[in-house]
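In terms of our numbering, the sequence shown opens at residue 8 and continues consecutively.
Remarks on the structure that follows.
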Amino acid sequence: QVQLVESGGGLVQPGGSLRLSCAASGFTFSTYVMRWYRQIPGKERELVATIAKLGSTTYASSVKGRFIISRDNVKNTVYLQMNMLKPEDTAVYYCKADSPVSAMYYWGKGTLVTVSS
8 QVQLVESGGG LVQPGGSLRL SCAASGFTFS TYVMRWYRQI PGKERELVAT
58 IAKLGSTTYA SSVKGRFIIS RDNVKNTVYL QMNMLKPEDT AVYYCKADSP
108 VSAMYYWGKG TLVTVSS
């Protein structure tokens with residue numbers, strides 16, 4: 008059974024940091040492209056960061072220089088280190104696994120990040 012379980016969300020003050028984790032199981036994690044998305048209620052889901060199976064990364068312009076995506080192919084976990092957080096980073100954050108060879112993909116259920124004083 009495929010599972011993606013996000014954790015690490017919570018309330019943080021502007022300028023603070025959080026690290027999100029997404030633990031994967033039920034598929035060959037090391038071969039999948041992993042992504043973090045976020046969604047504000049009433050808005051479309053936004054791609055935040057991507058990490059390929061060998062570790063190359065890309066970021067949305069809104070988070071570049073503040074967020075870092077990484078992965079541990081032994082622990083089957085992808086991380087999102089979020090620094091210098093802003094109120095506009097408030098959203099539900101989701102991880103997604105994309106197969107590199109087919110249209111198969113999986114979503115987690117999300118974790119809420121609230122940036123507020």
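Note that beta-carbon positions come from the ideal geometry of N, C-alpha and C, so glycine has one too.
If you're wondering where the values come from, they're calculated on a predicted model, not measured in any experiment.
query                                                                                                                       : result
Are the CB atoms of Glu13 and Tyr113 within a distance shorter than 8 Å?                                                    : no
Tell me where the beta strand (DSSP E) around Leu61 begins and ends.                                                        : First-last for Leu61: undefined, no H or E at that position.
My guess is that Leu92 and Val19 are in contact by the Cβ rule of under 8 Å, so how many angstroms apart are they, rounded? : 6 Å
Please report the straight-line C-alpha distance between Thr64 and Val40, rounded to a whole angstrom.                      : 10 Å
Going by other Cβ atoms of all chains shown within 10 Å of its Cβ, with 16 needed for buried, is Ile58 buried or exposed?   : buried
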